[in-house]
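K.L.:
Could you have a look at this structure, given as structure tokens, before my questions?
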Amino acid sequence: MRAIFIATALLLSSVAHADSGKPDVYTYGTKLDVASVLSIKLKPTPNCEVTDAVMTYLDSAGHKRQLAYRTLSDTCKNQN
Numbered sequence: 000m001r002a003i004f005i006a007t008a009l010l011l012s013s014v015a016h017a018d019s020g021k022p023d024v025y026t027y028g029t030k031l032d033v034a035s036v037l038s039i040k041l042k043p044t045p046n047c048e049v050t051d052a053v054m055t056y057l058d059s060a061g062h063k064r065q066l067a068y069r070t071l072s073d074t075c076k077n078q079n
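Quick note: the sequence shown, position 72, residue 71 per numbering that gives the first Met the number 0, numbers continuous.
Shown next as structure tokens:
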């Protein structure tokens with residue numbers, strides 16, 4: 000009975016985290032389960048530099064998730 004309670008508590012806490020609206024932060028080695036990318040939003044900047052991004056995606060179970068990470072800005076695409 001205790002194992003069922005613990006498993007239920009862990010499941011509910013992970014669901015609450017997924018619905019909190021706060022994205023998970025990517026770190027090197029993070030295991031990703033991306034079935035479909037819904038959107039990628041970059042923090043706009045006029046310079047070619049590293050900026051913040053958030054990817055919204057569906058995992059293989061169909062749950063909507065968000066992942067925050069750092070990437071080069073779109074301005075860098077126009078430079079050689």
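Each residue gets a CB set at the ideal place from its N, CA and C atoms; glycine is no exception.
In terms of residue numbering, what span does the beta strand (DSSP E) encompassing residue 65 cover?
P.N.:
63 to 71
K.L.:
Going by DSSP, name the residue or residues bridged to residue 35.
P.N.:
When beta bridges are read from the DSSP output, residue 35 appears opposite 57.
K.L.:
Could you have a look at residue 76 and say whether DSSP puts it in helix, strand or coil?
P.N.:
Three-state DSSP puts residue 76 in a helix.
K.L.:
Here's a check: name, in chain order, each residue in its chain whose Cβ is nearer than 8 angstroms to the Cβ of residue 73, leaving out the five neighbours to either side.
P.N.:
41, 43
K.L.:
Using the Cα positions of residue 28 and residue 61, report the straight-line distance between them to the nearest angstrom.
P.N.:
22 angstroms
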